[in-house]
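Participant: Just dropping this structure here.
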Amino acid sequence: MSFLERARQAAEQAARTAETAAKAAAEQGGKAAAKVDATLRDPATKARAQAAMKRARRGLTTALERIDPGVLADVVVKATSLQERANARLRERGSVYRISEIGIGASIPPSVTFTIARVDDPDADAKTSTELLAAGASADAGADASGEAVVSLDGTTVDHEVLEELEEGE
88 MSFLERARQA AEQAARTAET AAKAAAEQGG KAAAKVDATL RDPATKARAQ
138 AAMKRARRGL TTALERIDPG VLADVVVKAT SLQERANARL RERGSVYRIS
188 EIGIGASIPP SVTFTIARVD DPDADAKTST ELLAAGASAD AGADASGEAV
238 VSLDGTTVDH EVLEELEEGE
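For what it's worth, the working numbering labels the leading residue of the sequence shown as 88, then goes sequentially.
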């Protein structure tokens, strides 16, 4: 038997095996589809889904009812106070931008987001953010006279040498 005949026989055997596997897969797929269809049409499945939806709605309502109005009021006061102080600092620095809107997410812990907008009618001596950065902004823009970098919104600073040591340790 020549090499070509053996290769042809091996290819025919592989084709028969693939055909058998394809038929088996098609049969299994049909059975699975029928099972899924039967499950979706089952009234008990529909009842379980409706019960789950009721529990989810009740859980959401309960979570909203658990929010303490006093805590929410404290978050509003603190967020608006921060907005007013930040806007005062922006005015002092001559920026044409202000915090215009606050969003408070009712989660645990509450989330606070600020929206920044350009002032409608900026003063003649107001500066853009690009101009402020080019003029060598103070610690609020990222660096102060000592060269410390602000690494978080709470004003925490880290010495450049400490940053270099941390980078070397990685």
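Where a beta carbon is used, it is the ideal one built from N, C-alpha and C, also for glycine.
Using DSSP with H/G/I as helix, E/B as strand and the rest coil, what is Arg180?
Facilitator: Correct three-state label for Arg180: coil.
Participant: Whole angstroms are fine: how far does the CA of Ile203 sit from the CA of Ala221?
Facilitator: Their Cα atoms are separated by approximately 20 Å.
Participant: Just how far apart, CA to CA, sit Ala193 and Ala113?
Facilitator: Computed Cα separation, rounded: 50 Å.
Participant: Looking at chain C, is there any beta carbon in it that lies within less than 9 Å of the beta carbon of Thr104?
Facilitator: Checking the listed chains, one finds no chain C in this structure; it contains a single protein chain.
Participant: If we ignore side chains and look at the alpha-carbon of each, how far apart do Arg142 and Asp129 end up?
Facilitator: Taking the straight line from one Cα to the other gives about 21 Å.
Participant: So, helix, strand or coil for Asp227, using DSSP?
Facilitator: Note on Asp227: pLDDT 46, under 50, position unreliable in the model; no value is reported.
Participant: Would you list the one or two residues that DSSP bridges to Ala204?
Facilitator: Its beta-bridge partners are Arg185.
Participant: Would you mind sorting Leu177 into buried or exposed? The rule is 16 or more other CB atoms within 10 Å of its CB.
Facilitator: The residue in question, Leu177, is buried, as its Cβ has 16 or more Cβ neighbours within 10 Å.
Participant: How many angstroms separate the CA atom of Ser198 from the CA atom of Asp161?
Facilitator: For Ser198 and Asp161, the distance between alpha carbons rounds to 13 Å.
Participant: What are the start and end residues of the alpha helix (DSSP H) that includes Ala97?
Facilitator: Per DSSP, Ala97 belongs to the alpha helix (DSSP H) from Phe90 to Arg128.
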